[in-house]
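*Asks:*
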Amino acid sequence: MGEELNYFNYFTEVEDHFQKARGTSLFLMSPIDWALVETWKASGVPLEAVLRGIDDAFSRKRPKFQQVNSLSYCSQAIKKAAEDMARNRPAKVAPTNEDSLPQDRL
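This note's numbering applies: residue 539 is where the sequence shown begins, and numbers increase by one.
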């Protein structure tokens with residue numbers, strides 16, 4: 539997932555993953571669900587964090603009779619996954635003066 543995903547692929551991946559986690563392929567996401575996905579995409583939430591959050595939300599023990607009907611059920615787990623990923627991401631190292639030496643001096 540290191541490659542840059544276009545707008546459509548991000549939405550499609552989230553929709554497919556949510557449907558698989560939910561156990562139904564005939565479930566249509568609501569306009570609110572689509573708005574959530576759009577918010578995550580616009581905020582720069584990595585797709586991997588969204589997918590992990592969905593998995594984490596569905597892995598929580600819940601009564602068998604409770605059906606998850608909205609992606610909002612996963613929103614807190616997705617937020618946590620995104621925060622965890624950001625915290626664990628290696629810091630970018632600023633280039634030093636040595637890094638900018640002309641090639642003829644090397």
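All residues carry an ideal CB built from backbone N, CA and C; glycine is no exception. Owing to the predicted nature of the structure, the values given are computational and were not obtained by experimental measurement.
Can you have a look at ARG625 and say buried or exposed, based on whether 16 or more other CB atoms are within 10 angstroms of its CB?
*Replies:* Stepping through the sequence shown from its first residue, residue 625 is reached at position 87. ARG625 is exposed by the Cβ-count criterion.
*Asks:* Taking its Cβ as the centre, do 16 or more other Cβ atoms sit within 10 Å of ASP571, making it buried, or is it exposed?
*Replies:* For the purposes of this step, residue 571 is identified with residue 33 of the sequence shown, where counting begins at 1. Residue environment analysis places ASP571 among the buried positions, since at least 16 neighbouring C-beta atoms fall within 10 angstroms of its C-beta.
*Asks:* The alpha helix (DSSP H) that contains ARG560, what's its start and end?
*Replies:* Taking the sequence shown and counting its residues from 1, the one referred to as residue 560 is at position 22. From DSSP, the alpha helix (DSSP H) with ARG560 extends over 545-560.
*Asks:* Under DSSP, the alpha helix (DSSP H) around LEU574 begins and ends at which residues?
*Replies:* Numbered from 1 along the sequence shown, position 36 holds the residue referred to as residue 574. First-last of the alpha helix (DSSP H) with LEU574: 569-580.
*Asks:* Starting from PHE596 and walking both ways along the alpha helix (DSSP H), at which residues does that stretch end?
*Replies:* Stepping through the sequence shown from its first residue, residue 596 is reached at position 58. For PHE596, the enclosing alpha helix (DSSP H) stretches over residues 585-597.
*Asks:* Rounded to a whole number of angstroms, what is the C-alpha to C-alpha distance between TYR545 and LYS579?
*Replies:* Mapped onto the sequence shown, residue 545 falls at position 7. Mapped onto the sequence shown, residue 579 falls at position 41. Going by the C-alpha atoms only, they are around 8 Å apart.
*Asks:* Is it right to say GLY591 is buried, meaning 16 or more other beta carbons lie within 10 angstroms of its own, or is it exposed?
*Replies:* Taking the first residue of the sequence shown as position 1, residue 591 is located at position 53. So GLY591 counts as buried.
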